[in-house]
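A.B. asks: The listed protein sequences derive, respectively, from chains H and B.
Sequential numbering from 121 applies to the first sequence in the numbering used here.
Sequential numbering from 37 applies to the second sequence in the numbering used here.
Heads up, the beta-carbon is just placed ideally off N, CA and C, and yes, glycines get one too.
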Amino acid sequence: MRILVTVKHVPDLQSQRSFTGGRVTRTADDGTMNELDEHAVEAALQLVEAAGEGEVYALTVGGADAVVAVRKALQLGVQHAIHVSDDAIADSDVFGTAKVMAAAVRKVQDEAPLDLVITGMAALDGLTSMLPTALAAELDWSQATLASAVSVAGGEVTVERHLADAHETVVAPLPAVVSVTDEANKPRYPNFKLIMAARKAPVALWSLADLGVDPASVGREGARTVVVDASPAPPRENRVTVTDTGDGGTQLADFLIEKGLA
Amino acid sequence: MTTVAVLIDHRDGEVTRPALEALTLARSLGTPVAVWLGSVPSADAVALVGDYGATEVRVVDAEMRLAGHAAAALGAALEDADVVVVISTFVTKEIVTRLAMATGAGVVVDAAGAEIVDGRVETVQTVFAATWNVRTRIHTERAIVGIRPNTTQAVPADTPGDAVIVPVTVDRPATRERVVAVEPVERGAGVPLAEAPVVVSGGRGTGGDYALVTELAELLGGAVGASRDATDEGWISHEHMVGQTGTTVTPALYVAAGISGAVHHRGGMQASGTIVCINLDPDAPIFEISDFGVVGSLFDVIPQAIARIREHRAG
Chain H
121 MRILVTVKHV
131 PDLQSQRSFT
141 GGRVTRTADD
151 GTMNELDEHA
161 VEAALQLVEA
171 AGEGEVYALT
181 VGGADAVVAV
191 RKALQLGVQH
201 AIHVSDDAIA
211 DSDVFGTAKV
221 MAAAVRKVQD
231 EAPLDLVITG
241 MAALDGLTSM
251 LPTALAAELD
261 WSQATLASAV
271 SVAGGEVTVE
281 RHLADAHETV
291 VAPLPAVVSV
301 TDEANKPRYP
311 NFKLIMAARK
321 APVALWSLAD
331 LGVDPASVGR
341 EGARTVVVDA
351 SPAPPRENRV
361 TVTDTGDGGT
371 QLADFLIEKG
381 LA
Chain B
37 MTTVAVLIDH
47 RDGEVTRPAL
57 EALTLARSLG
67 TPVAVWLGSV
77 PSADAVALVG
87 DYGATEVRVV
97 DAEMRLAGHA
107 AAALGAALED
117 ADVVVVISTF
127 VTKEIVTRLA
137 MATGAGVVVD
147 AAGAEIVDGR
157 VETVQTVFAA
167 TWNVRTRIHT
177 ERAIVGIRPN
187 TTQAVPADTP
197 GDAVIVPVTV
207 DRPATRERVV
217 AVEPVERGAG
227 VPLAEAPVVV
237 SGGRGTGGDY
247 ALVTELAELL
257 GGAVGASRDA
267 TDEGWISHEH
277 MVGQTGTTVT
287 PALYVAAGIS
297 GAVHHRGGMQ
307 ASGTIVCINL
317 DPDAPIFEIS
327 DFGVVGSLFD
337 VIPQAIARIR
347 EHRAG
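(1) Just tell me which of B:VAL181, B:GLY226, B:ILE311 and B:LEU84 has its CA closest to the CA of GLU357 (chain H).
(2) Let me see if you follow: with CB-CB separation under 9 Å, is GLU158 (chain H) close to chain B or not?
(3) Who are the Cβ neighbours of ALA208 (chain H) in its own chain at under 7 Å, not counting the five residues just before and after it?
(4) Return the residue from the list B:PHE164, B:VAL143, B:THR176 and B:GLY243 that minimises the CA-CA distance to ALA156 (chain B).
(5) For the segment 122-145 of chain H, which residues have a beta carbon sitting closer than 9 Å to at least one beta carbon of chain B?
(6) Is there contact between the segment 293-304 of chain H and the segment 157-167 of chain H, where contact requires at least three CB pairs shorter than 8 Å?
(7) Looking at VAL125 (chain H) and THR239 (chain H), is the spacing between their C-beta atoms short of 9 Å?
(8) Can you tell me which of B:ALA343, B:ALA165, B:GLY332 and B:ALA230 puts its alpha carbon nearest to the alpha carbon of SER124 (chain B)?
(9) Using a Cβ-Cβ cutoff of 9 Å, what residues of the segment 165-176 of chain B are near chain H? List them in chain order.
(10) Measuring CB atoms only, is the segment 128-141 of chain B touching the segment 53-62 of chain B, in the sense that at least three cross pairs come out at less than 8 Å?
(11) Residues in the same chain with beta-carbon distance under 7 Å from ALA165 (chain B), minus the five sequence neighbours each way, listed in chain order, please.
(12) How far does the alpha helix (DSSP H) with HIS159 (chain H) in it extend, from its first residue to its last?
(13) Taking the alpha-carbon positions, what's the CYS313 (chain B) to LEU196 (chain H) distance?
(14) Beta-carbon of GLU254 (chain B) versus every beta-carbon of chain H: anything under 9 Å?
(15) Count the C-beta pairs between the segment 274-292 of chain B and the segment 229-244 of chain B that are closer than 8 Å, then say yes if the count reaches three, no if not.
(16) Taking only beta carbons into account, state which residues of the segment 346-361 of chain H come closer than 7 Å to chain B, listed in chain order.
(17) Mind checking if LEU289 (chain B) is an interface residue toward chain H, Cβ cutoff 9 Å exclusive?
(18) In terms of DSSP beta bridges, what is ASP349 (chain H) paired with?
(19) What are the boundary residues of the beta strand (DSSP E) that ASP146 (chain B) is part of?
(20) Can you give the Cα-Cα distance for PHE323 (chain B) and VAL227 (chain B), rounded to whole angstroms?
(21) Output, in sequence order along the chain, the residues in the segment 210-233 of chain B whose CB is closer than 9 Å to any CB in chain H.
(22) Any Cβ of chain H within less than 9 Å of the Cβ of GLU339 (chain B)?
(23) Roughly how far, in whole angstroms, is the beta-carbon of ALA218 (chain H) from the beta-carbon of LEU255 (chain H), given that I think they are within contact range, below 8 Å?
(24) ALA264 (chain H) versus chain B: which residues are under 8 Å apart at the beta carbon?
(25) Against chain B, does ILE209 (chain H) count as a neighbour if the rule is that its beta carbon must be under 9 Å from one of theirs?
(26) Residues of chain D with CB closer than 7 Å to the CB of LYS219 (chain H), please, in chain order.
(27) On the CB-based measure, 16 or more other CB atoms within 10 Å of its CB, does THR167 (chain B) come out buried or exposed?
(28) Which residues mark the beginning and the end of the beta strand (DSSP E) in which SER273 (chain B) is found?
(29) If you measure between the beta carbons of THR205 (chain B) and ALA112 (chain B), is that distance less than 9 Å?
(30) Taking 8 Å as the cut-off, is the C-beta of ALA190 (chain B) nearer than that to any heavy atom in the ligand FAD?
(31) State yes or no: is the beta carbon of THR133 (chain B) nearer than 9 Å to at least one beta carbon in chain H?
(32) So, at 6 Å on beta carbons, what are the nonlocal neighbours of ASP206 (chain H) in its own chain, with the 5 sequence-adjacent residues on each side left out?
(33) Can the beta-carbon of ALA141 (chain B) be found closer than 9 Å to that of VAL120 (chain B)?
(34) What are the residues in the segment 368-380 of chain H lying within 8 Å of chain B by C-beta distance?
(35) Going straight from the alpha carbon of VAL249 (chain B) to that of LEU316 (chain B), what length do you get?
(36) Can you list, in chain order, the residues of its chain whose CB lies under 8 Å from that of GLU254 (chain B), leaving out five sequence neighbours each side?
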């Protein structure tokens with residue numbers, strides 16, 4: 121079982137997240153591996169453990185600081201780390217990112233075929249959830265997204281999906297792109313030995329030239345969308361907090377009635 | 037003239053309110069054309085879509101469960117469209133991603149609005165748990181916009197048109213995936229969480245007792261939501277979870293009862309119109325984003341609020 125997990129470097133949820141010049145501000149200090157990607161790493165490790173053989177690659181695409189994302193994956197127990205970094209990738213939209221990732225997947229496959237690419241259900245900065253589908257289309261692999269349970273048998277992956285209107289079971293032949301939700305598993309904690317080993321583990325650093333991707337087809341030049349303005353939302357004005365001393369419910373109701381909401 | 041195709045969201049054969057919102061937005065961008073995936077809609081459904089400005093309802097007998105199938109069906113129905121508008125859900129986001137890959141269109145999902153500026157579509161949306169407002173320009177000639185429910189006020193067209201059904205046939209593309217089981221989610225009588233104009237959510241502070249939260253939701257004509265804590269405890273099913281990995285809601289009124297307001301939760305509700313909260317802990321972060329907060333027990337505050345609202349309505 122050979123699995124590649126995509127991991128993203130995102131601003132820590134608890135930090136003051138912001139934009140600089142139309143870009144998400146990312147720094148090594150308050151940046152981290154996208155929390156939801158921990159579930160993707162966990163799913164991959166569990167599938168390899170269940171199969172009794174195999175290896176897991178972690179792939180990240182991003183600037184120099186993005187390496188923290190694959191280092192985190194190494195701490196969790198993946199065997200290989202790949203960091204694709206190239207100035208030309210900055211400001212890529214989801215389609216540019218998918219193109220770069222697909223090229224990296226193919227390069228890994230030059231060594232030996234992969235069975236699965238596993239991603240998180242969303243990145244907690246952009247939250248579009250489009251990447252897994254774009255990557256499956258770019259690779260021309262089958263897709264099984266938003267999995268709350270994953271299993272592999274007989275050359276096929278089976279996932280459970282909890283959608284708003286129905287619970288589905290989807291079966292897809294390998295190789296497949298799978299995205300997992302935060303219901304899929306409980307990510308393990310890194311142990312001391314792995315943390316120490318991850319510091320020294322090699323991270324393959326690939327450029328667009330290494331991947332044979334035309335720089336003009338990705339990045340700002342290749343992007344179909346561009347952020348033209350980003351500004352902090354004004355705080356809510358005239359906020360009121362009362363302490364219930366016996367009429368808190370009435371005050372709340374009166375507020376709603378006055379607003380025409382009740 | 038800009039042709040705007042709108043994927044009509046429908047449930048049990050009925051056009052949903054978000055679909056009417058999407059048609060209203062589409063009219064501000066150009067000439068709306070409705071696309072209906074599924075079996076032929078009823079005359080009432082077609083008439084309603086006409087009232088909101090569509091002159092054609094293109095019907096493709098296809099289902100939405102596999103993104104590849106739905107994208108092919110949608111693509112066949114809107115070859116002439118400059119702009120495509122869908123309601124942003126986990127399912128439609130995958131469909132439009134496939135459609136964009138096939139057509140080269142630029143996409144923005146989870147938008148709160150869209151307009152045409154200098155011949156291109158620009159969208160607005162909130163990000164980072166609604167702490168930032170972002171405007172995005174779609175460079176490409178063809179644009180796809182996924183909008184969130186409750187972000188556009190649904191208004192019928194000034195001159196309601198007679199919409200006609202135009203059948204579209206499409207060769208179902210080969211997809212490798214198979215849906216082997218579908219178990220519909222039992223839904224209460226009310227509107228689904230994502231579309232509800234009012235959401236009343238309960239968290240850890242309920243201790244698992246949703247009776248008061250449900251009663252208030254019903255009184256206000258809203259849906260019941262929950263925090264991750266509550267769904268993890270198994271107090272209420274996952275479909276009720278409001279948050280970044282559950283349902284994102286933008287109702288006119290959001291009531292958070294016994295919810296502290298962790299960032300995961302805020303990310304799913306902070307763009308709501310009016311936010312009120314009830315929490316025992318005055319330091320809970322939910323107070324920082326609430327228009328009206330009560331420090332107190334929801335078991336005292338909600339019954340009193342319900343009584344006051346009933347009294348007001350009777351009065």
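C.D. replies: On the basis of the supplied data:
(1) Among B:VAL181, B:GLY226, B:ILE311 and B:LEU84, the Cα nearest to that of GLU357 (chain H) is on B:ILE311.
(2) No - not a single Cβ of chain B is within 9 Å of the one on GLU158 (chain H).
(3) Cβ neighbours of ALA208 (chain H) beyond the five flanking positions: LEU328, PRO335, VAL338 and GLY339.
(4) Here residue 156 (chain B) is Arg; the residue named in the question, Ala, does not match the sequence. For ARG156 (chain B), the closest of B:PHE164, B:VAL143, B:THR176 and B:GLY243 by C-alpha to C-alpha distance is B:THR176.
(5) Answer set for the segment 122-145 of chain H: PRO131, LEU133, GLN134, GLN136, ARG137, SER138, PHE139, GLY142 and VAL144.
(6) Touching, yes.
(7) In contact: THR239 (chain H) and VAL125 (chain H) (Cβ atoms closer than 9 Å).
(8) Ranking the options by Cα distance to SER124 (chain B), first place goes to B:ALA230.
(9) Result list: ALA165, ALA166, THR167, TRP168, ASN169, VAL170, ARG171, THR172, ARG173, ILE174, HIS175 and THR176.
(10) No, the segment 128-141 of chain B does not touch the segment 53-62 of chain B.
(11) Here the set comprises VAL299, ARG302, GLY303 and GLN306.
(12) Taken as a continuous stretch (DSSP letters only), the alpha helix (DSSP H) holding HIS159 (chain H) covers 157-171.
(13) Using only the alpha carbons, I get a separation of about 38 Å.
(14) False, the Cβ-Cβ gap to chain H never drops below 9 Å.
(15) Contact between the segment 274-292 of chain B and the segment 229-244 of chain B is established, with three or more Cβ pairs separated by less than 8 Å.
(16) Cβ contacts with chain B come from VAL346, VAL347, VAL348, ASP349, ALA350, SER351, PRO352, ALA353, ARG356, ARG359, VAL360 and THR361.
(17) It does; some Cβ of chain H falls within 9 Å.
(18) For ASP349 (chain H), which the question treats as bridged, DSSP gives the partners B:ARG171.
(19) Counting along the chain, the beta strand (DSSP E) containing ASP146 (chain B) begins and ends at 142-147.
(20) Rounded to whole angstroms, PHE323 (chain B) to VAL227 (chain B) spans 27 Å at the Cα level.
(21) Listed by position, the residues of the segment 210-233 of chain B near chain H (Cβ gap below 9 Å) are THR211, ARG212, GLU213, ARG214, VAL215, VAL216, ALA217, VAL218, GLU219, PRO220, VAL221, ARG223, PRO228, LEU229 and ALA230.
(22) The residue you asked about is not Glu; residue 339 (chain B) is Pro in the sequence shown. Yes, because at least one Cβ of chain H sits closer than 9 Å to the Cβ of PRO339 (chain B).
(23) Taking the Cβ atoms as the reference, ALA218 (chain H) lies roughly 5 Å from LEU255 (chain H), within the contact range of under 8 Å.
(24) Within 8 Å Cβ-Cβ: GLU213.
(25) Chain B contact via Cβ: absent.
(26) Looking at the structure shown, chain D is missing, and the protein chains on hand are H and B.
(27) Within 10 angstroms of the beta-carbon of THR167 (chain B) lie 16 or more other beta-carbons, which makes it buried.
(28) Counted as a single uninterrupted DSSP element, the stretch harbouring SER273 (chain B) is not any beta strand (DSSP E), since DSSP gives it neither H nor E.
(29) Their beta carbons are under 9 Å apart, which means THR205 (chain B) touches ALA112 (chain B) by this criterion.
(30) By its list of ligands, the structure shown contains no ligand whatsoever, and the ligand FAD lies outside what it can speak to.
(31) So, interface residue.
(32) Excluding residues within five positions, the ones whose Cβ falls inside 6 Å are SER327 and LEU328.
(33) In this structure, VAL120 (chain B) lies closer than 9 Å to ALA141 (chain B) by Cβ.
(34) Taking 8 Å as the upper bound on Cβ-Cβ separation, chain B lies near residues GLY368, GLY369, THR370, GLN371, LEU372, ALA373, ASP374, PHE375, LEU376, ILE377 and LYS379 of the segment 368-380 of chain H.
(35) VAL249 (chain B) and LEU316 (chain B) have their C-alpha atoms spaced approximately 16 Å apart.
(36) Cβ within range, chain order: GLY226.
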